[in-house]
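Below is one structure, written out as structure tokens; the observations come after it.
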Amino acid sequence: MLTSVGRAAARRVVAGNRLALTTNGVAIPRATFVARAIPIRSFSVSQRTRQATATDSPAKPKKATKAKKSTKPKAAKAKTSKAKKPAVKKPKKVPTPEEAEKKKIKELKARALLKEEPRPGPHAGQTEWTIFVGENTPTPLQKPLAEHVRELSARFKDISSSEKQRLASQAEANRQAYQNKRQSWLASLDVADVYSANLARSRLRRALPKKQFSKLEDDRLPKKPVEGMNLYVQERMKGQSGSSVIFSEVVQEWKNMDAAQQRSYKVASEPALVAWRQAVEQLSNAVAEKKRAKKDAAKAEAAAAKAAQIQAREERKAAKAAQKAASA
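Numbering (UniProt numbering) for the sequence shown: 1 to 328.
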């Protein structure tokens with residue numbers, strides 16, 4: 001027999017079954033309703049869950065894992081070449097007066113052609129006596145020099161006239177050989193170079209009075225004409241001997257002359273003076289032109305040397321770059 005509770009449950013099942021049959025006209029199995037009405041609890045072996053107490057700490061929320069960003073290759077930064085600072089030019093050293101004078105003397109000696117000028121040599125200045133001593137002095141000397149010279153002096157006084165003439169001819173030949181060599185050297189030079197050398201020697205004589213710098217004698221150089229008083233003295237001394245007394249008398253005569261007489265001699269020498277000044281001016285211009293050409297040539301040579309250095313440096317850079325590219 002069913003209890004009251006059972007009968008109520010049975011009625012609910014039947015009522016629900018009827019409702020299902022009339023809904024949409026679709027027949028639904030009864031088992032479906034039975035399963036829904038009387039669910040069977042499955043057996044569980046899990047530990048009994050206990051209620052959370054006040055002392056339990058709340059679970060910390062887990063941090064959400066961030067999605068990893070895809071690593072993209074960074075673009076290489078272009079290297080910016082820093083501009084080089086301009087090199088600071090060192091101030092030029094100002095030479096001292098002594099250094100400037102020394103440099104000036106060196107330049108004058110170079111212009112004076114002192115090193116190029118032929119030297120006289122040991123035989124150019126020989127005399128009859130020096131040639132006789134050289135020919136009669138053995139090597140090595142067997143006696144004291146003073147005694148040997150006394151003996152040679154006595155013998156030299158007694159030599160024959162023919163022997164003395166031979167010695168004189170030998171000395172003259174030695175001098176002439178040197179003069180020929182010197183004249184050949186002068187002829188090989190340009191007249192402007194000879195003129196410039198004489199100007200430099202004149203300045204050297206003033207700068208170094210203790211040393212001798214002889215003038216180069218060249219017939220191509222313009223000679224200053226005789227003028228004024230010198231012309232009068234030359235005319236008056238033609239038939240006279242070279243006595244200093246006569247010369248002083250002629251000079252006094254010139255001083256006693258009136259201005260009109262003196263002017264006549266000056267006017268007579270004026271054309272020659274004009275021609276001489278023109279010739280000297282031409283030589284001066286030629287010397288200046290040579291100096292400018294030499295300076296320009298030195299500048300061009302320095303520029304060519306600098307260009308060659310730059311080209312060599314660029315070639316080394318190109319070779320280094322090619323080697324680096326080949327090894328890469």
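Beta carbons: idealized from backbone N, C-alpha and C, even for Gly.
Residue span of the alpha helix (DSSP H) that contains residue i, given as start and end
i: T130; result: 128 to 135
i: P97; result: 97 to 111
i: S202; result: 191 to 207
i: L273; result: 259 to 327
i: L216; result: Premise fails: L216 is in no alpha helix (DSSP H) and is neither H nor E.
i: A154; result: 145 to 157
i: M229; result: 228 to 236
Coil, strand or helix - residue i by DSSP
i: K181; result: helix
i: S188; result: coil
i: E116; result: coil
i: Q142; result: coil
i: A168; result: helix
i: T22; result: Here the model assigns T22 a pLDDT of 45, short of 50, so the residue's position is not dependable, and the following value carries that caveat. If DSSP states are grouped into helix, strand and coil, T22 belongs with the helices.
i: V88; result: coil
i: K210; result: coil
i: Q252; result: helix
i: Q176; result: helix
i: S161; result: helix
Supposed contact pair residue j and residue i - C-beta distance, whole angstroms, cut 8 Å
i: E235; j: K266; result: Incorrect: roughly 14 Å between the Cβ atoms, too far for contact.
i: K215; j: R201; result: 6 Å
i: I131; j: Q165; result: No, I131 and Q165 are not in contact; Cβ-Cβ is about 12 Å, not under 8 Å.
i: A286; j: A197; result: In fact, because the Cβ distance is near 13 Å, the residues do not count as touching under 8 Å.
i: F168; j: E128; result: First, the amino acid is wrong: residue 168 is Ala here, not Phe. So it is a contact: roughly 5 Å between Cβ atoms.
i: L204; j: A112; result: 6 Å
i: T137; j: H148; result: 7 Å
Among the options, the one whose alpha carbon lies nearest that of residue i
i: S269; options: E301, N230, P140; result: N230
i: R277; options: L189, L221, Q311; result: L221
i: K224; options: L273, A259, Q323; result: L273
i: K290; options: V133, D190, Q142, P86; result: D190
i: E217; options: L186, E172, P209; result: L186
i: S284; options: W254, L199, K157, K211; result: L199
i: I159; options: V133, A260, L114; result: V133
i: K211; options: I105, K93, P91; result: I105
i: Y232; options: N256, E101, L114, K115; result: N256
i: E172; options: K157, Q126, S162, A302; result: Q126
Within-9 Å CB hit, residue i to chain B
i: P222; result: The chain inventory of the structure shown lacks chain B, comprising one protein chain alone.
Legend entry - Stretch pair the region 112 to 122 + the region 173 to 188: three plus CB contacts closer than 8 Å: yes
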